[in-house]
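Student:
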Amino acid sequence: MRPRRHGRSRVQRIKRGWVWNQFFVLEEYMGSEPQYVGKTPASRIDGCTAREEKSYYTLKAQVVDIHTGVPLEPESEFIIKVQDINDNEPRFLDGPYSARVPEMSPTGTYVTQVTAADADDPTYGNSARIVYSILHGQPYFSVDPKTGVIRTALANMDREVKEEYQVLLQAKDMGGQLGGLASTTTINITLSDVNDNPPRFAKSIFHLRVPESAAVGSAVGRILAHDLDAGSNAWVDYTIVPGDEGNMFDIVSNGQSQEGVVVLKKSIDYETKKSYTFKVEASNAQLDPRFLHLGPFKDSVTVKVNVLDVDEPPVFTKPSYSIDMYEDTPPGTIIGSVTAHDLDASSSAVRYSLEWQTESDSCFDIDTVEGTISINEYLDRETAVQHNITVVATKL
Numbered sequence: 001m002r003p004r005r006h007g008r009s010r011v012q013r014i015k016r017g018w019v020w021n022q023f024f025v026l027e028e029y030m031g032s033e034p035q036y037v038g039k040t041p042a043s044r045i046d047g048c049t050a051r052e053e054k055s056y057y058t059l060k061a062q063v064v065d066i067h068t069g070v071p072l073e074p075e076s077e078f079i080i081k082v083q084d085i086n087d088n089e090p091r092f093l094d095g096p097y098s099a100r101v102p103e104m105s106p107t108g109t110y111v112t113q114v115t116a117a118d119a120d121d122p123t124y125g126n127s128a129r130i131v132y133s134i135l136h137g138q139p140y141f142s143v144d145p146k147t148g149v150i151r152t153a154l155a156n157m158d159r160e161v162k163e164e165y166q167v168l169l170q171a172k173d174m175g176g177q178l179g180g181l182a183s184t185t186t187i188n189i190t191l192s193d194v195n196d197n198p199p200r201f202a203k204s205i206f207h208l209r210v211p212e213s214a215a216v217g218s219a220v221g222r223i224l225a226h227d228l229d230a231g232s233n234a235w236v237d238y239t240i241v242p243g244d245e246g247n248m249f250d251i252v253s254n255g256q257s258q259e260g261v262v263v264l265k266k267s268i269d270y271e272t273k274k275s276y277t278f279k280v281e282a283s284n285a286q287l288d289p290r291f292l293h294l295g296p297f298k299d300s301v302t303v304k305v306n307v308l309d310v311d312e313p314p315v316f317t318k319p320s321y322s323i324d325m326y327e328d329t330p331p332g333t334i335i336g337s338v339t340a341h342d343l344d345a346s347s348s349a350v351r352y353s354l355e356w357q358t359e360s361d362s363c364f365d366i367d368t369v370e371g372t373i374s375i376n377e378y379l380d381r382e383t384a385v386q387h388n389i390t391v392v393a394t395k396l
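Taking the UniProt record's numbering, the leading residue of the sequence shown gets 1, the next gets one more, and so forth.
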């Protein structure tokens, strides 16, 4: 400013431009004195500021005549930015987490990715620079410190040995340095099943029994091969190994119980053959080419079927008998005989009797032990040329 005289004395300000820079204040300032902005006490912050709530403030300023209040310059703006401090720990968005990875996976197999968020300023310092580490879950799993990607660290983990794992993951800001804030989360990792186990029979021979009277198609018995795998990887198919004695039977695989049901294919007779021996093979229905070197994925066992004797009635040597005699044959004369045998192993004694159906049957008699038939009275040919009688054989 300089004085100009035009008849009377007065002072006039020369117009100039104002340049406002950015100013900074520290967030979460808890001091008793206000924070001054710039070099003048007139610009100051009273109270606490949180950058996460408001990262900057836009203020308007104007130069006015202190005496008259008349603006000397147009209104202008300047910005006060809140400078970040590390006052927020990393936070996991969800949790606990769950993940699955196939058993027998090689080292480095991807499992899952878990990330945390930090509300501090990522463009200023290391307050929001997160580093991940595993506090619990080694040596089975590892984590990428920058991305939070979790991978297997131990090859060929076996589900049949241990199925569930728990990883405690830490996220720490300040680049993981001392003084950084941290939080943790849990990841429950399950090993999913693969077909790496063959079916195995628990014993070398199965003993089954079937009565000789069993109908074709009826179940004789069940056998079981155990497979340590789960789900479809444990499905077992049963087949009878071709052989002379196995052709009397079939075997059906029960998908629900995983048993093999031996079924009668043909009629059997105790008196003809008392037992049958054959082999059954159990194999996996679904194979995984990656694990064929662990095979063979099958096992075999011997099955012995004992035929049980059923108490059968005696059998006559003929289906019918024909006897001729003279009409003047005296009473008490033996005119013929019948014979029946017990085909069962016990060979029980047989007793004979007549089943009277008509009055004329009373003309005949039979020896209960020998089966000889005799007449009780004279028979007249002119009255009846032929007589039909029924003989019953009974086992004792």
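C-beta: ideal position from N, C-alpha, C; glycine also.
Here's the rule: buried if 16 or more other CB atoms are within 10 angstroms of the residue's CB, otherwise exposed. What is valine 167?
Tutor: buried
Student: Looking at aspartate 365 and the ligand HEM, is the gap between the Cβ and the nearest heavy atom below 7 Å?
Tutor: Among the components of this structure there are no ligands whatsoever, and the ligand HEM is therefore not found.
Student: Return the first residue and the last residue of the beta strand (DSSP E) that aspartate 237 is part of.
Tutor: 236-240
Student: Does the pairing of the segment 215-234 with the segment 132-140 give three or more beta-carbon distances under 8 Å?
Tutor: The answer is no - the segment 132-140 does not touch the segment 215-234, with fewer than three Cβ pairs under 8 Å.
Student: Tell me which residues share the same chain as valine 241 and place their Cβ nearer than 6 Å to its Cβ, disregarding the 5 neighbours each side in the sequence.
Tutor: Lys279, Glu281
Student: The beta strand (DSSP E) that contains arginine 151, what's its start and end?
Tutor: 149-152
Student: Following the continuous beta strand (DSSP E) through tryptophan 183, name the residue where it begins and the one where it ends.
Tutor: For the sequence presented, residue 183 should be read as serine rather than tryptophan. Where serine 183 is concerned, the enclosing beta strand (DSSP E) stretches over 182-192.
Student: What does a CB cutoff of less than 6 Å around valine 143 pick up in its chain, not counting 5 residues either side in sequence?
Tutor: Tyr132, Ile134, Ile150, listed in sequence order.
Student: Starting from lysine 279, follow the beta strand (DSSP E) in both directions and report where the run begins and ends.
Tutor: 275-284
Student: To the nearest angstrom, report how far apart phenylalanine 201 and serine 300 are at their CA atoms.
Tutor: 7 Å
Student: Roughly how many whole angstroms lie between the Cα atoms of aspartate 324 and isoleucine 335?
Tutor: 8 Å
Student: Rounded to a whole number of angstroms, what is the C-alpha to C-alpha distance between histidine 207 and alanine 234?
Tutor: 24 Å
Student: Using the rule of at least 16 other Cβ atoms within 10 Å of the residue's Cβ for burial, across every protein chain shown, is alanine 116 buried or exposed?
Tutor: buried
Student: If you draw a straight line from the alpha carbon of residue 399 to that of valine 236, how long is it in whole angstroms?
Tutor: Outside the displayed span of the chain (1 to 396) sits residue 399, for which this structure offers no information.
Student: Please give the ranges of any beta strand (DSSP E) in the UniProt domain "Cadherin" (317-394), keeping only runs that are unbroken, at least 3 residues long and fully inside the region.
Tutor: 334-337, 350-355, 364-366, 372-375
Student: With valine 315 and tyrosine 352 assumed to form a contact (beta carbons below 8 Å), what rounded beta-carbon distance in angstroms separates them?
Tutor: Wrong, their Cβ atoms sit about 13 Å apart, outside the cutoff.
Student: Our contact map puts aspartate 118 next to isoleucine 130 with C-beta atoms below 8 Å; I'd like the distance itself, whole angstroms only.
Tutor: 6 Å
Student: Looking at the structure shown, is glutamate 259 part of a helix, part of a strand, or coil, going by DSSP?
Tutor: strand
Student: Quick one: is lysine 60 buried, meaning 16 or more other Cβ sit within 10 Å of its Cβ, or exposed?
Tutor: Exposed: under 16 other Cβ atoms inside 10 Å.
Student: Where does proline 289 sit, in a helix, a strand or coil, going by DSSP?
Tutor: helix
Student: Buried or exposed: which applies to glutamate 327, given that a residue is buried once 16 or more other Cβ atoms fall within 10 Å of its Cβ?
Tutor: exposed
Student: Does the count of Cβ pairs from the segment 181-188 and the segment 156-171 closer than 8 Å reach three?
Tutor: yes
Student: Can you look up glycine 221 in the DSSP assignment and give me helix, strand or coil?
Tutor: strand
Student: Contact between the segment 349-363 and the segment 377-391 is defined here as three or more beta-carbon pairs at a separation below 8 Å; is this criterion met?
Tutor: yes
Student: Distance check for glutamate 271 and threonine 358, CA to CA, integer angstroms please.
Tutor: 37 Å
Student: What does DSSP give as the partner residue(s) for threonine 58 in the beta ladder?
Tutor: Ile79
Student: Distance, Cα to Cα, residue 439 vs aspartate 269?
Tutor: With the chain represented from 1 up to 396, any question about residue 439 goes unanswered, as that position is not in the structure.
Student: Helix, strand or coil for asparagine 126 per DSSP?
Tutor: coil
Student: Do valine 338 and valine 303 have their CB atoms nearer than 8 Å?
Tutor: For the 8 Å CB-CB criterion, valine 338 and valine 303 do not form a contact.
Student: When the Cα of leucine 343 is compared with those of Met157, Glu77, Thr317, which residue comes out closest?
Tutor: With distances taken between CA atoms, leucine 343 lies nearest to Thr317 out of Met157, Glu77, Thr317.
Student: Nearest by alpha-carbon distance to aspartate 193: which of Phe141, Ser253, Asp158 is it?
Tutor: Out of Phe141, Ser253, Asp158, Asp158 has the C-alpha closest to the C-alpha of aspartate 193.
Student: Using the C-alpha atoms, what's the distance from valine 114 back to glutamine 177?
Tutor: 20 Å
Student: Where does the unbroken beta strand (DSSP E) through isoleucine 205 begin, and where does it stop?
Tutor: 205-211
Student: Secondary structure at asparagine 88, three-state DSSP: helix, strand or coil?
Tutor: coil
Student: So if DSSP puts aspartate 299 in a beta bridge, which residue, or which two residues, is it bridged to?
Tutor: Ala282
Student: Looking at threonine 109: is its Cβ nearer than 8 Å to the Cβ of threonine 147?
Tutor: no
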